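Novice: Chains as they are written, first to last, in our numbering: chain R, 1 to 236; chain Z, 237 to 472.
First, the structure itself, so that you have it in front of you.
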DNA sequence: TGCCGTGATCTGTGATCACAGTTAGAGTTG
DNA sequence: CAACTCTAACTGTGATCACAGATCACGGCA
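Right under this line is the structure:
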């Protein structure tokens, strides 16, 4: 191996397959709630929009189906799963258990870099949601950024991956609702809980971090359930 | 809808796609440790063995890659991921947190049917591992049956699905090792912890159930780590 | 007017082909 | 005899074609 030293600097360019890019695109649509529960998704139509053949879309969709972020109906149609209130409650319970655990771990294992990204993410989201005319899609994105800044601080790649899969399921329900009803954002519950979580993690208080995440998740879930938006899930 | 009553008895025949069957087959190979870490897997070869074209295999493999139960190397080869000791420790910690939580939930929410399947699964595994010449593949299968009988008793489909994904990652490491070193099975640690878990769940004691699962998982993990079988993971 | 067959058009699934990149081994050269 | 080169056989990825089944609207029968 006799190479010019300059070549040691080049990093292998990331050859992302089209399938991966299609997956990232669709996953983003789901997590941010731009694909509503019950909405159908045609492979060929999606391939058309993305400007590729249906092969990469097939791979992406089959992965999302494996994650249960999409489902194929008995009639061979791919759609965003409809969620009953019971299923949503189960999902919420699991999210509280796992994301709460991750927040507690974060409080114990965070390093200086974690604190920087958590603090700045919390500040960015508060600024956006207290603005006169909040940009909802941006607020949704910043909410995600804050939460994952926390979870990353647990330093457990496997845990983060599991939570990402949970958000894939919860995103269509929660963020679609947030888009339709921005009043909860204005009410500022989430902002308050986020501040609690930030303080707890800075202080290294695992129990408080867990409690803050639990309050944030169950607050949003109660809001959704109280609106009864899931009832119509049965009709489809 | 005026149908002959006899037609009310027919249940919709389950049209499993070839891709699903291929996935189930490969997942079973992984979970039972018959595919060793580092082992390569050719799409065409697998398709040949399964007697189908590569398309169903592609779908199955892409799902397993999404689960991180398989990985594709930079050189475009699919293989069972090698796991460093640090990764294995992370996986073990997450398994203890989540499977322990599931066991605690099981102790609180189990119904009569759950108790029946848990007790019989525990009995079956004890019988097999105390036999004069234990059938290792069968013991591995019975171990899985017992654990999932417990987790199912939590009545949380989402939780069970997450644990299944964790087993997909842990299977190749743990069960491959068990096949190579049956002495741990003979030692009877697992059997003892299983009995603890069974008693705790029957008694509705969540804390004890959690402790039993934790002991079972960390016992097996310590055994693997002590053997240093993961060190060579770096060489590949 | 109400119902049922029917065909065009959509769906996902599977097979096959094409391609670029990698690997391994045979053959050659020093 | 060792090392290098080149080729042939592989790898996964993507596109295209073929097909069975589902949907829906149109038209004819009762």
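The C-beta atom is built at its ideal place from N, Cα and C for all residues, glycine as well.
Treat the numbers as computed from the prediction; the structure is a model and nothing was measured.
Just to make sure I have the definition right: I need the residues of chain Z whose C-beta is within less than 7 Å of the C-beta of residue 101 of chain R. Which are they?
Specialist: By Cβ distance, chain Z contributes 333.
Novice: Looking at chain Z, which residues of the region 67-86 of chain R have a Cβ within less than 8 Å of any of its Cβ atoms?
Specialist: So the list reads 67, 68, 74, given in the order they occur along the chain.
Novice: Which residues in chain R have a C-beta closer than 9 Å to the C-beta of residue 326 of chain Z? List them in chain order.
Specialist: Per Cβ cutoff of 9 Å: 155, 156, 157, 158, 159.
Novice: Tell me whether residue 80 of chain R sits in a helix, a strand or coil according to DSSP, three-state version.
Specialist: Of the three classes helix, strand and coil, the one that applies to residue 80 of chain R here is coil, per DSSP.
Novice: Quick one: Cα of residue 240 of chain R to Cα of residue 352 of chain Z, how far?
Specialist: Residue 240 of chain R lies beyond the stretch modelled for chain R, which goes from 1 to 236, so this question has no answer here.
Novice: Tell me where the alpha helix (DSSP H) around residue 38 of chain R begins and ends.
Specialist: Here residue 38 of chain R belongs to no alpha helix (DSSP H), and DSSP marks it neither H nor E.
Novice: Determine whether the Cβ of residue 59 of chain R lies closer than 8 Å to any Cβ atom of chain Z.
Specialist: Cβ-Cβ to chain Z under 8 Å: yes for residue 59 of chain R.
Novice: For residue 122 of chain R, name the three-state secondary structure that DSSP assigns.
Specialist: Helix, per DSSP.
Novice: Taking the straight line between their C-alpha atoms, what separation do you get for residue 282 of chain Z and residue 17 of chain R?
Specialist: C-alpha separation (whole angstroms): 22 Å.
Novice: Distance check for residue 151 of chain R and residue 179 of chain R, CA to CA, integer angstroms please.
Specialist: In a straight line, the C-alpha of residue 179 of chain R is about 24 Å away from that of residue 151 of chain R.
Novice: Taking residue 329 of chain Z as the query, report the chain R residues whose CB atoms sit under 9 Å from its CB, ordered along the chain.
Specialist: Those within 9 Å of residue 329 of chain Z in chain R are 105, 156, 158, 159.
Novice: Give the straight-line distance between the Cα atoms of residue 196 of chain R and residue 412 of chain Z, rounded to the nearest whole angstrom.
Specialist: Distance between the alpha carbons of residue 196 of chain R and residue 412 of chain Z is about 45 Å.
Novice: Look up residue 308 of chain Z in the DSSP assignment and give the residues it is bridged to.
Specialist: Looking at the DSSP assignment, residue 308 of chain Z forms a beta bridge with Z:314.
Novice: I want to know whether the region 381-400 of chain Z touches the region 304-324 of chain Z - three or more CB-CB distances under 8 Å.
Specialist: At 8 Å Cβ cutoff, the stretches do not touch.
Novice: Please report the distance separating the alpha-carbon of residue 129 of chain R from that of residue 198 of chain R.
Specialist: Spanning the two alpha carbons is a distance of roughly 17 Å.
Novice: Taking a contact to mean a Cβ-Cβ separation below 8 Å, would you say residue 296 of chain Z touches residue 255 of chain Z in this structure?
Specialist: Closer than 8 Å, so yes.
Novice: Step through the CB atoms of chain R and report whether any lies within less than 8 Å of the CB of residue 398 of chain Z.
Specialist: Closer than 8 Å: yes.
Novice: Enumerate, from N- to C-terminal direction, the unbroken alpha helix (DSSP H) stretches of 4 or more residues contained entirely within the region 393-445 of chain Z.
Specialist: The region 393-445 of chain Z contains these whole alpha helix (DSSP H) runs: 393-416, 419-423, 425-439.
Novice: Are residue 407 of chain Z and residue 278 of chain Z close, meaning C-beta to C-beta below 8 Å?
Specialist: No, these two residues do not count as a Cβ contact at 8 Å.
Novice: From residue 443 of chain Z to residue 340 of chain Z, what does the alpha carbon distance come to, in whole angstroms?
Specialist: Distance between the alpha carbons of residue 443 of chain Z and residue 340 of chain Z is about 6 Å.
Novice: What does the alpha-carbon distance come out to for the pair residue 188 of chain R and residue 124 of chain R?
Specialist: Between residue 188 of chain R and residue 124 of chain R, the C-alpha separation is close to 14 Å.
Novice: At 8 Å on the CB atoms, spell out the chain Z contacts of residue 62 of chain R, in chain order.
Specialist: Result: 255, 295, 298, 299.
Novice: Within 10 Å of its beta-carbon, does residue 311 of chain Z have 16 or more other beta-carbons around it, so buried, or fewer, so exposed?
Specialist: Exposed.
Novice: Kindly indicate which three-state DSSP category residue 19 of chain R falls into: helix, strand or coil?
Specialist: The answer is helix: DSSP assigns residue 19 of chain R an H, G or I state.
Novice: Is residue 379 of chain Z near the ligand FMN, going by C-beta to nearest heavy atom under 7 Å?
Specialist: The ligand FMN is not among the ligands present in this structure, which contains no ligands whatsoever.
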